[in-house]
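K.L.:
Shown below is the structure under consideration.
Below is the structure:
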């Protein structure tokens, strides 16, 4: 008997729908279950996707409740509150999202305790930590999308700069998915040739140009939001990539958000480092060697995340 591969998505806003669309087109799951507080919205999104089934392949999509997630192997959490007014502080917004996550995680622990959770709601590192703190499942089965999106942007820009396929670029952005993230130049390479202080494909390393390129990757969300009002397409692809790595037991190394246990001298905070992702979730960590400046940057990033959680009650 062929095992059905069920993926749940909690939250059918821009990101949740983009994730469902990517999973649907790539046929990563055989069943998609969409859950939202607004049941009619979830029903509408499920209907819209299902109308492409005859062309995209046999993937069933339906709206459902938390109880309908009992068979899910992976559940994506993309629900959350947005800023209510310019006067609302980051901590106030975080407290509201933590309250939302408390309700979501309780339902998921009740109905789908074995599922791996993929957290996509921002601030993703803090909410990954919140999910791990609230859930009874092992930390390895809670994964934040982290800097996989930033790394994808970074590699795309480097590929364009050097005129090579971005898939041939090996470079990471680690730390917070946000303003304090860190480019790891010390291990970046193209086809085995280090980028740092070297000539690659006839182009010498230009520190100012590379810094500008990193800043373009880091600040991409602001540019996109300024033009279309939100980001969703690329993060949908990122979510699909993580889900595929889990369901196919790929053992792929991806920069995702996990709680650190001493790596780079950092503990008890979630941020992104390269991890082996497979059927059990995060199966191993692969922290690359970094320069002293990069290590200091990662520690500073961890401090930013800790400060953002000051005053947050997870008891």
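In the numbering used here, the protein residues as written are -11 to 303. Just so you know, even glycine gets a beta-carbon here, dropped at the ideal spot from N, CA and C.
Opposite residue 244 in the DSSP bridges: which residues?
P.N.:
Beta-bridge pairing links residue 244 to 261.
K.L.:
With a Cβ-Cβ cutoff of 8 Å, do residue 129 and residue 96 count as a contact?
P.N.:
Their beta carbons are not under 8 Å apart, which means residue 129 does not touch residue 96 by this criterion.
K.L.:
In whole angstroms, give me the CA-to-CA distance for residue 48 and residue 237.
P.N.:
Distance between the alpha carbons of residue 48 and residue 237 is about 22 Å.
K.L.:
Can you tell me where the alpha helix (DSSP H) holding residue 163 begins and where it ends?
P.N.:
Run containing residue 163: none; DSSP gives neither H nor E here.
K.L.:
Just verifying my parser: in three-state terms, what is the DSSP assignment at residue 111?
P.N.:
Looking at residue 111 - three-state DSSP - the assignment turns out to be coil, as it is neither helix nor strand.
K.L.:
Spatial neighbours of residue 113 within its chain, please: CB distance less than 8 Å, with the 5 preceding and 5 following residues excluded, ordered by chain position.
P.N.:
Closer than 8 Å at Cβ, skipping near neighbours: 132, 134, 164, 165, 166, 245, 257, 258, 259, 260, 293.
K.L.:
Return the chain-ordered list of same chain residues with a C-beta closer than 8 Å to the C-beta of residue 230, the five sequence neighbours on each side being excluded.
P.N.:
Taken in chain order, the residues that qualify are 106, 131, 133, 136, 242, 244, 265.
K.L.:
Cutting at 7 Å between CB atoms, please list the residues of its own chain near residue 220, excluding the five before and the five after it.
P.N.:
Taken in chain order, the residues that qualify are 2, 3, 6.
K.L.:
So who's on the other strand from residue 187, going by DSSP bridges?
P.N.:
According to DSSP, residue 187 bridges with 192.
K.L.:
Give me, in chain order, the residues of the same chain whose beta-carbon lies closer than 8 Å to that of residue 92; leave out the 5 immediate sequence neighbours on both sides.
P.N.:
The residues are -2, 65, 67.
K.L.:
From what residue to what residue does the alpha helix (DSSP H) around residue 3 run?
P.N.:
Per DSSP, residue 3 belongs to the alpha helix (DSSP H) from 2 to 14.
K.L.:
Of the residues 60, 127, 16, which one's Cα is nearest the Cα of residue 269?
P.N.:
The shortest C-alpha separation from residue 269 is found at 127.
K.L.:
On the three-state DSSP scale, how would you describe residue 95?
P.N.:
In this structure, residue 95 counts as helix in the three-state DSSP scheme.
K.L.:
Put residue 293 into one of helix, strand or coil per three-state DSSP.
P.N.:
Helix, per DSSP.
K.L.:
Do you know how far the Cα of residue 61 is from the Cα of residue 267?
P.N.:
Each residue's alpha carbon lies about 9 Å from the other.
K.L.:
Count the other C-beta atoms from every protein chain shown that fall within 10 angstroms of the C-beta of residue 249, then say buried if there are 16 or more, exposed otherwise.
P.N.:
Flag for residue 249 reads exposed.
K.L.:
Is DSSP giving residue 140 helix, strand or coil here?
P.N.:
DSSP places residue 140 in helix when its eight states are reduced to three.
K.L.:
How is the beta strand (DSSP E) around residue 100 delimited, first residue to last?
P.N.:
That residue, residue 100, is in no beta strand (DSSP E); it is neither H nor E in DSSP.
K.L.:
For the alpha helix (DSSP H) that residue 274 lies in, which residues bound it at each end?
P.N.:
No alpha helix (DSSP H) contains residue 274, which DSSP labels as neither H nor E.
K.L.:
With burial defined as no fewer than 16 other Cβ atoms inside 10 Å of the residue's Cβ, what is the status of residue 70: buried or exposed?
P.N.:
Under this definition residue 70 is an exposed residue.
K.L.:
Just to confirm the assignment: which complete alpha helix (DSSP H) runs, minimum length 4, are found wholly within the region 198 to 254?
P.N.:
The qualifying runs are 208 to 216, 221 to 235.
K.L.:
Run through DSSP, which three-state label would residue 87 get?
P.N.:
In the structure shown, residue 87 sits in a helix (DSSP, three-state: H, G or I).
K.L.:
Measure the CB-CB distance between residue 16 and residue 228 and report whether it falls below 8 Å.
P.N.:
Closer than 8 Å, so yes.
K.L.:
Count the other CB atoms, across all protein chains shown, that sit within 10 Å of the CB of residue 41; report buried if there are 16 or more and exposed otherwise.
P.N.:
Exposed, by the Cβ-count rule.
K.L.:
CB-CB under 8 Å to residue 197, same chain, minus the five flanking residues each way: which ones, in chain order?
P.N.:
Answer for residue 197: 149, listed in chain order.
K.L.:
Taking the Cβ atom as the reference point for each residue, do residue 170 and residue 178 lie within a distance shorter than 8 Å?
P.N.:
No; because the gap between Cβ atoms is not below 8 Å, this pair is not in contact.
K.L.:
Once the 5 residues before and after residue 186 are set aside, which same chain residues still bring their CB inside 7 Å of it?
P.N.:
For residue 186, where only same-chain residues beyond five positions count, the Cβ hits under 7 Å are 193.
K.L.:
Where residue 141 and residue 239 are concerned, what is the direct C-alpha to C-alpha distance, given to the nearest angstrom?
P.N.:
Roughly 22 Å separates the two Cα atoms.
K.L.:
Quick one, which of 63, 289, 22 has its alpha-carbon nearest residue 308's?
P.N.:
Outside the shown range of the chain (-11 to 303) lies residue 308, about which nothing can therefore be said.
K.L.:
Pop quiz: residue 25 and residue 12 are said to be a contact at Cβ under 8 Å. What is the actual Cβ separation, rounded to whole angstroms?
P.N.:
With a Cβ gap of about 22 Å, residue 25 and residue 12 do not count as contacting.
K.L.:
Can you give me the start and stop residues for the beta strand (DSSP E) that residue 50 sits inside?
P.N.:
Start and end: 48 to 51.
K.L.:
Give every residue of the same chain whose Cβ lies closer than 7 Å to the Cβ of residue 222, excluding the five residues on either side of it in the sequence, and list them in chain order.
P.N.:
Within the same chain, residue 222 has close Cβ partners 137, 140.
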